[in-house]
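Residue numbers (full-length UniProt numbering): 1 to 192. Just below is one structure, and these are the notes that go with it.
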């Protein structure tokens, strides 16, 4: 049975969720798709993402995004990061009870997740599959998730041992497990 992306999104129950997207996702077609599915979103925008977003100069402004024969209402939020760089978000959460501060706080909560994605993609190389069939890809994916969870447990235990051993010592640095080393060390023993 073939399922469409819309069907799959509705089946997994995203009707009451707010999905946070990084740069690279905003497009008229994707926003129209999310609107059609009734899914709330917040997306970080790159410069020049969409003309309507670029032309919205206020810090909190509703805009119309034209897609085919309809105009979709969206909200553009602009704020300065601590680094001085301007961040631009686009969302379909139009209620003014949520201000820029709430969106800024909400959006930065995703950094922990982004760090985990970076670990999965770049250190564990979760996208480097050993086979081409759907079954091989699925097995590799779940084996990688199992490995990352197992290594995470080992990391936590090792950090506790390090902290216990360093207790009471006047150290210049706080020591902890090397993330890259902890991912590469068990691979030869687990993947054969």
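All C-beta atoms in this analysis are idealised placements derived from N, C-alpha and C, irrespective of residue type, glycine included. Keep in mind that this is a model prediction, so the values were computed, not measured.
Where residue i sits in the DSSP three-state scheme
| i | result |
| --- | --- |
| residue 28 | helix |
| residue 41 | strand |
| residue 126 | coil |
| residue 143 | helix |
| residue 71 | strand |
| residue 159 | helix |
| residue 55 | helix |
| residue 17 | coil |
| residue 131 | coil |
| residue 104 | helix |
| residue 50 | coil |
| residue 117 | helix |
| residue 22 | coil |
| residue 165 | helix |
| residue 99 | coil |
| residue 178 | coil |
| residue 93 | coil |
| residue 173 | coil |
For residue i: DSSP bridge partner residues
| i | result |
| --- | --- |
| residue 85 | Residue 85 pairs with nothing; no bridge assigned. |
| residue 79 | 87 |
| residue 60 | 77 |
| residue 66 | 71 |
Environment of residue i [buried if 16+ CB atoms lie within 10 Å]
| i | result |
| --- | --- |
| residue 75 | buried |
| residue 26 | buried |
| residue 2 | For residue 2, the predicted model reports a pLDDT of 49, less than 50, meaning its position is unreliable and no value from the coordinates is stated. |
| residue 31 | buried |
| residue 135 | exposed |
| residue 150 | exposed |
| residue 145 | exposed |
| residue 94 | exposed |
| residue 247 | One cannot answer for residue 247 here, as it falls past the ends of the chain, which runs 1 to 192. |
| residue 192 | Model confidence at residue 192 stands at a pLDDT of 49, short of 50, so the residue's coordinates are unreliable; what they give is reported in the following sentence. So residue 192 counts as exposed. |
Cβ-Cβ separation, residue j to residue i (assumed contact under 8 Å), whole Å
| i | j | result |
| --- | --- | --- |
| residue 42 | residue 91 | 4 Å |
| residue 117 | residue 89 | Not really, about 19 Å apart at Cβ, beyond 8 Å. |
| residue 52 | residue 39 | Not really, about 20 Å apart at Cβ, beyond 8 Å. |
| residue 65 | residue 28 | 6 Å |
| residue 120 | residue 126 | 5 Å |
| residue 159 | residue 170 | Not confirmed; about 19 Å, so no contact. |
| residue 72 | residue 35 | 5 Å |
| residue 22 | residue 44 | 6 Å |
Does the segment 44-60 touch the segment 75-87, meaning 3 or more C-beta pairs lie closer than 8 Å? yes
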